[in-house]
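In our numbering, the protein residues as written are 51 to 316.
Every residue, glycine too, gets a C-beta built ideally from N, C-alpha and C.
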Ligand code: BTN
């Protein structure tokens with residue numbers, strides 16, 4: 051199990067980690083966090099588990115993990131923004147994970163890793179998925195009453211488990227660095243970074259989020275296949291809109307926006 055005592059002692063944050071729930075096993079930390087929020091848990095509450103029996107992924111997928119290997123946690127947020135701006139929150143979260151991974155690795159030996167963000171909020175390491183983020187919310191009118199951001203960060207999944215459990219499109223930091231990663235240390239650093247960035251986001255209403263996402267993403271200009279409710283279509287990824295939507299152009303020159311969905315490389 052993670053050393054939550056150490057996290058609570060060493061964490062220097064204004065809000066994140068206000069309360070911790072450390073669970074050995076849970077169905078889903080997002081589900082648990084949403085229940086807590088309904089019962090009045092405050093912003094900054096963190097739910098973390100060693101193992102999830104029904105980890106949730108985006109687009110109704112499953113998120114698979116094995117006991118004790120990775121970081122599986124959810125943060126309860128209460129952003130004073132319209133739900134229509136929610137996409138920007140998840141883009142911001144992805145850039146924060148990107149930054150945390152980059153900073154964590156900067157002093158480590160072994161080959162350099164190329165981290166990237168894939169729209170909307172996957173984090174890739176050398177082209178393979180290393181982190182997924184799931185946003186789930188409770189709305190009041192058009193605003194967030196609660197936004198739960200759930201992070202699955204593959205820190206220590208073993209190469210054989212990556213292949214057998216996840217099917218080859220995923221990676222983990224320990225597999226790439228050939229050494230175990232200290233989950234407790236990584237969590238402390240991530241929450242401190244998230245705390246700082248979240249404060250800024252609240253103050254300037256996300257003005258820089260899309261710009262920052264684009265500056266760390268190596269995706270603009272790539273040929274993609276868009277998978278949405280109409281099926282698959284080929285396009286070029288040309289921009290991210292101020293709302294955080296993917297702007298693409300099809301072969302007939304028509305530009306459109308994708309609000310939610312999934313993309314693949316051609
Ligand atoms: C994705 O499909 O990429 C999003 C995956 C999000 C997984 C995390 S693990 C912790 C939190 N609890 C969940 O049930 N899901 C998120």
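Which same chain residues, not among the five before or five after residue 311, have their C-beta less than 7 Å away from its C-beta?
-> 276, 277 and 278
How should residue 119 be labelled, buried or exposed, when 16 other C-beta atoms within 10 angstroms of its C-beta is the threshold for buried?
-> buried
Please check the pair residue 150 and residue 124, which I expect to be a contact at CB under 8 Å, by giving their CB distance rounded to whole angstroms.
-> Contact doesn't hold; Cβ gap of about 16 Å is too wide.
Buried versus exposed, by CB contacts within 10 Å (16 or more), residue 129 = buried
Terminal residues of the continuous beta strand (DSSP E) containing residue 277?
-> 273 to 278
Report yes if the CB atom of residue 298 is closer than 8 Å to the CB atom of residue 309, and no otherwise.
-> no
Could you tell me how far apart the beta carbons of residue 141 and residue 202 are, in whole angstroms, since I believe they sit closer than 8 Å?
-> So it is not a contact: roughly 17 Å between Cβ atoms.
Report buried or exposed for residue 89, applying the criterion of at least 16 other Cβ atoms within 10 angstroms of its Cβ.
-> exposed
On the three-pair Cβ rule with 8 Å, is the stretch 178 to 190 touching the stretch 233 to 249?
-> no
8 Å contact criterion, which residue 67 and residue 61 should meet: CB distance rounded = 5 Å
Alpha-carbon spacing of residue 290 relative to residue 260, whole angstroms = 7 Å
Is the CB-CB distance between residue 223 and residue 204 below 8 Å?
-> yes
Can you name, in chain order, every residue of its own chain whose Cβ lies under 7 Å from the Cβ of residue 216, other than the five neighbours on each side?
-> 114
Give every residue of the same chain whose Cβ lies closer than 6 Å to the Cβ of residue 221, excluding the five residues on either side of it in the sequence, and list them in chain order.
-> 175, 178 and 180
Start-end ranges of the beta strand (DSSP E) lying completely within the stretch 217 to 305, minimum 3 residues | 273 to 278, 281 to 290 and 296 to 299
Cβ of residue 107 within 7 Å of any heavy atom in the ligand BTN?
-> yes
Quick one: grab the DSSP three-state call for residue 110.
-> helix
Cβ separation of residue 139 and residue 227, assumed to be a contact under 8 Å, to the nearest whole Å | No, residue 139 and residue 227 are not in contact; Cβ-Cβ is about 29 Å, not under 8 Å.
Smallest Cα separation from residue 146: which of 132, 225 and 258?
-> 258
Would you give the residue range spanned by the beta strand (DSSP E) that residue 124 belongs to?
-> 121 to 127
Given that a residue counts as buried once 16 or more other Cβ atoms are within 10 Å of its Cβ, and exposed if not, what is residue 172?
-> buried
Which residues mark the beginning and the end of the alpha helix (DSSP H) in which residue 59 is found?
-> 54 to 60
In chain order, which alpha helix (DSSP H) runs of at least 4 residues are fully inside the stretch 124 to 197?
-> 136 to 156
Thinking residue 99 and residue 76 are a contact (beta carbons under 8 Å), I'd like their distance in whole angstroms, please.
-> 5 Å
Distance between residue 242 and residue 153 (C-alpha atoms, nearest Å) = 12 Å
Cβ of residue 240 within 7 Å of any heavy atom in the ligand BTN?
-> no
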